[in-house]
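Visitor:
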Amino acid sequence: MFDSLSAKFSSAFSALRSRGRIKSSDIDEIVDQIQNALIESDVALEVATSFGSTVKELSLAALEQVNKSTNPSQGIFEIVNTELTKVLGGQTRRIRMAKKGPTVIMLVGLQGAGKTSLAGKLALYLKSQGNTPLLVASDLQRPNAVNQLQQVGLDVGVPVFAPEPGNGVGDPVKVAQAGRKFAEEKIHNFVIVDTAGRLGVDAELMDQASRIRDAVKPDEILFVVDAMLGQDAVRTATSFLQGVGFDGVVLTKLDGDARGGAALSIVSLTERPIMFAATGEKPHEFDLFHPDRMASRILGLGDVATLAEQAKAAIDPELSKKFEEKFASGDDFTLVDFLSQLQAMKKMGSMTKMLGMLPGMNSGAMKKQLDNLDEGELVRTEAIIQSMTPKERADVKILNGTRRARIAKGSGRAVSEVNNLVDRFTAAQKAMRQLRNGGGLPGGMPNIPGMPAMPKYNKPLPPKKKSKSGNPAKRAAEER
Ligand SMILES: Nc1nc2c(ncn2[C@@H]2O[C@H](COP(=O)(O)OP(=O)(O)OP(=O)(O)O)[C@@H](O)[C@H]2O)c(=O)[nH]1
Ligand SMILES: [Mg+2]
Numbered sequence: 017m018f019d020s021l022s023a024k025f026s027s028a029f030s031a032l033r034s035r036g037r038i039k040s041s042d043i044d045e046i047v048d049q050i051q052n053a054l055i056e057s058d059v060a061l062e063v064a065t066s067f068g069s070t071v072k073e074l075s076l077a078a079l080e081q082v083n084k085s086t087n088p089s090q091g092i093f094e095i096v097n098t099e100l101t102k103v104l105g106g107q108t109r110r111i112r113m114a115k116k117g118p119t120v121i122m123l124v125g126l127q128g129a130g131k132t133s134l135a136g137k138l139a140l141y142l143k144s145q146g147n148t149p150l151l152v153a154s155d156l157q158r159p160n161a162v163n164q165l166q167q168v169g170l171d172v173g174v175p176v177f178a179p180e181p182g183n184g185v186g187d188p189v190k191v192a193q194a195g196r197k198f199a200e201e202k203i204h205n206f207v208i209v210d211t212a213g214r215l216g217v218d219a220e221l222m223d224q225a226s227r228i229r230d231a232v233k234p235d236e237i238l239f240v241v242d243a244m245l246g247q248d249a250v251r252t253a254t255s256f257l258q259g260v261g262f263d264g265v266v267l268t269k270l271d272g273d274a275r276g277g278a279a280l281s282i283v284s285l286t287e288r289p290i291m292f293a294a295t296g297e298k299p300h301e302f303d304l305f306h307p308d309r310m311a312s313r314i315l316g317l318g319d320v321a322t323l324a325e326q327a328k329a330a331i332d333p334e335l336s337k338k339f340e341e342k343f344a345s346g347d348d349f350t351l352v353d354f355l356s357q358l359q360a361m362k363k364m365g366s367m368t369k370m371l372g373m374l375p376g377m378n379s380g381a382m383k384k385q386l387d388n389l390d391e392g393e394l395v396r397t398e399a400i401i402q403s404m405t406p407k408e409r410a411d412v413k414i415l416n417g418t419r420r421a422r423i424a425k426g427s428g429r430a431v432s433e434v435n436n437l438v439d440r441f442t443a444a445q446k447a448m449r450q451l452r453n454g455g456g457l458p459g460g461m462p463n464i465p466g467m468p469a470m471p472k473y474n475k476p477l478p479p480k481k482k483s484k485s486g487n488p489a490k491r492a493a494e495e496r
């Protein structure tokens, strides 16, 4: 997302940084570079030009002040950051709740924009915040549309209100109305109305959407648009604004190689905020749109705030506490702990996406490393650990050749991969012991995906527990 724009901004600023004192000709140069970068990223010409002139005006006015500081380019950078946040909408805009009765959200947009998927994403998001959403299937255009929404509802565990098949209910307006009434009766506090899309903007589409709007009186109409449409996204938005009207925008498919221009143009040209962004097909690949965080990403500062939120949501506090207590009490870090850490990582979503939120990760050498990251490693490691018996997970030392061969077969991986995991895990376990003993980590943490950052405990290791049996043969029998 915004990779090429981000790379261009980075190179413009690194050139400015090397200048030291900044002259007005330097401002002209960077403004030119910024404007070109925006236009090449599909930002509408008028938006790019107006952005450039504001940055230029503010930078020239601040020039004297900026040059007094030890790092003049930083002052200009901050001006660009503030203006970029403004262009993206300024404040984060959240859903407005209805004063009385359910909050009705109606989704509109072209065919394939991502409305039905978004209905599921939004429902999951609202549900995770303790709400009781209801999905309403008001797309009766496409034969499979109702089934698709029903499947989406099943996936996210949210009920779907749909016309009974074959009873002649063919009017999406009536379905929407009945859906709203059903929500009032069954105390659903949110209603998400999915509507039909068309290949292009047409009068019939606008008319149907307007009739649904008048019938259900939505608290929020969200215009859903594929960010990959580039300049067309803005044209479509303008048509929907005139034809139906909307309160906010949802950008979808930001995970594709979208140049991102739509995000920057749409707010200025429609004067409506971007409220959500979808970054994938899965229900959780979705978030509130935060203009400041997006500006930060574009400028290569990463998005640490979102990363921290995702980590907090993925890590079970109970599990985390148990793990800390276990570690402090002197118990060894085992593959069972490792597996639960891996699972928490997986819940956070794609590793590439997560790491991409760190500052500087989307440019130069870091970007290359990120592109080469093997997303499958987490899954493979998990499969290997899951093929072990509880005893083996608790103590990798019992993993002899026969056991390793069985695990490899069970997980469909090579024995060398099992060996590799055991070696890396043993090294990590050793490092953990040293850490607990206050010795610090020699040479840093071994490279294991999913390895948590460990708190530093200075408590010495308790003496090793004695085996129940002194006899090695008996002991092996106990372990089995
Ligand atoms: N990569 C990616 N794919 C998405 C995203 N959102 C939706 N899709 C995919 O885009 C396709 C169309 O999505 P739908 O939700 O069916 O679109 P729609 O607006 O309901 O389309 P109509 O019902 O035909 O009007 C599906 O294959 C989705 O999985 C996203 O953020 N990223
Ligand atoms: Mg649909």
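The numbering used here puts the sequence shown at residues 17 to 496.
Glycine is no exception: its CB is placed at the ideal position from the N, C-alpha and C atoms.
Check whether the Cβ atoms of G277 and V59 lie closer than 7 Å to each other.
Guide: Cβ atoms of G277 and V59: closer than 7 Å.
Visitor: Go ahead and pull the three-state DSSP assignment for L317.
Guide: Three-state DSSP puts L317 in coil, outside helix and strand.
Visitor: Can you tell me which of V96, I228, S281 puts its alpha carbon nearest to the alpha carbon of G259?
Guide: The residue with the shortest Cα to Cα distance from G259 is I228.
Visitor: Within a Cβ cutoff of 6 Å, which residues of the same chain sit near L32, ignoring the five residues on either side of it in sequence?
Guide: Closer than 6 Å at Cβ, skipping near neighbours: I46, S89.
Visitor: If you measure from the CB of D155, is any heavy atom of ligand 2 nearer than 6 Å?
Guide: For ligand 2, at least one heavy atom lies less than 6 Å from the Cβ of D155.
Visitor: Please determine whether the Cβ atom of K137 lies at a distance below 6 Å from any heavy atom of ligand 2.
Guide: No, since every heavy atom of ligand 2 falls outside the 6 Å radius drawn around the Cβ of K137.
Visitor: Could you work out which residue in G246, A192, S57 is closest to A129 when comparing CA atoms only?
Guide: Measuring from the Cα of A129, the nearest candidate turns out to be G246.
Visitor: Report the start-end ranges of each alpha helix (DSSP H) in the stretch 406-435 that is 4 residues or longer and not cut off at the edges.
Guide: 406-410, 417-427, all fully within the stretch 406-435.
Visitor: So, at 6 Å on beta carbons, what are the nonlocal neighbours of Q166 in its own chain, with the 5 sequence-adjacent residues on each side left out?
Guide: Correct list, in chain order: V176.
Visitor: Assuming the contact rule is C-beta atoms closer than 8 Å, L140 and G195 should be a hit. Round their C-beta distance to whole Å, please.
Guide: Going by Cβ atoms, the distance from L140 to G195 rounds to 18 Å, so no, they are not a contact pair.
Visitor: May I ask you to report which of helix, strand or coil DSSP gives L150?
Guide: If DSSP states are grouped into helix, strand and coil, L150 belongs with the strands.
Visitor: Out of I92, G173, A64, N416, state which residue places its alpha-carbon closest to the alpha-carbon of A77.
Guide: Nearest of I92, G173, A64, N416 to A77, Cα basis: I92.
Visitor: Measuring straight from C-alpha to C-alpha, what distance separates L100 and A311?
Guide: Distance between the alpha carbons of L100 and A311: 6 Å.
Visitor: In the structure shown, what three-state DSSP assignment does F93 receive?
Guide: Reduced to three states, the DSSP call for F93 is helix.
Visitor: Terminal residues of the continuous alpha helix (DSSP H) containing L270?
Guide: Counting along the chain, L270 falls outside any alpha helix (DSSP H), and DSSP gives it neither H nor E.
Visitor: With DSSP collapsed to three states, give me the class of E303.
Guide: Note that residue 303 is Asp in the sequence shown, not Glu. Note: D303 maps to strand in three-state DSSP.
Visitor: Consult DSSP for L123 and reduce its assignment to one of helix, strand or coil.
Guide: Of the three classes helix, strand and coil, the one that applies to L123 here is strand, per DSSP.
Visitor: Which term fits I208, buried or exposed, when burial requires 16 or more other beta carbons within 10 angstroms of its beta carbon?
Guide: Answer is buried; the Cβ neighbour count reaches 16.
Visitor: In whole angstroms, what is the alpha-carbon distance linking P299 and N163?
Guide: Between P299 and N163, the C-alpha separation is close to 17 Å.
Visitor: Kindly examine ligand 4 and report whether one of its heavy atoms sits closer than 6 Å to the Cβ of K202.
Guide: Because ligand 4 does not appear in the structure shown, any question about it cannot be addressed here, the ligands present being ligand 1 and ligand 2.
Visitor: Pairing CB atoms from the stretch 23-41 with CB atoms from the stretch 286-299, are three or more of them under 8 Å?
Guide: Judged by Cβ distances under 8 Å, the stretch 23-41 makes no contact with the stretch 286-299, as fewer than three pairs qualify.
Visitor: Are M122 and I290 closer than 7 Å when you measure CB to CB?
Guide: No.
Visitor: Mark A225 as exposed unless 16 or more other C-beta atoms lie within 10 angstroms of its C-beta, in which case mark it buried.
Guide: Classification for A225: buried.
Visitor: Check whether the stretch 105-122 and the stretch 239-253 are in contact - that is, three or more C-beta pairs closer than 8 Å.
Guide: Segments in contact, no.
Visitor: Leaving out five residues before and five after R409 in sequence, what residues of the same chain have Cβ atoms less than 8 Å from its Cβ?
Guide: Taken in chain order, the residues that qualify are T350, L351, V352, L355, I401.
Visitor: Hey, could you find the ends of the beta strand (DSSP E) D230 is sitting in?
Guide: Here D230 belongs to no beta strand (DSSP E); instead the alpha helix (DSSP H) covers 219-232.
Visitor: If you run the structure through DSSP and keep just helix, strand and coil, what is E297?
Guide: It is coil, neither helix nor strand.
Visitor: Using the beta-carbon count (16 or more within 10 Å), is S85 buried or exposed?
Guide: The residue in question, S85, is exposed, as its Cβ has fewer than 16 Cβ neighbours within 10 Å.
Visitor: When you compare only the Cα positions, how much space is there between V395 and G117?
Guide: The straight-line gap from Cα to Cα measures roughly 44 Å.
Visitor: Could you have a look at D42 and say whether DSSP puts it in helix, strand or coil?
Guide: The answer is helix: DSSP assigns D42 an H, G or I state.
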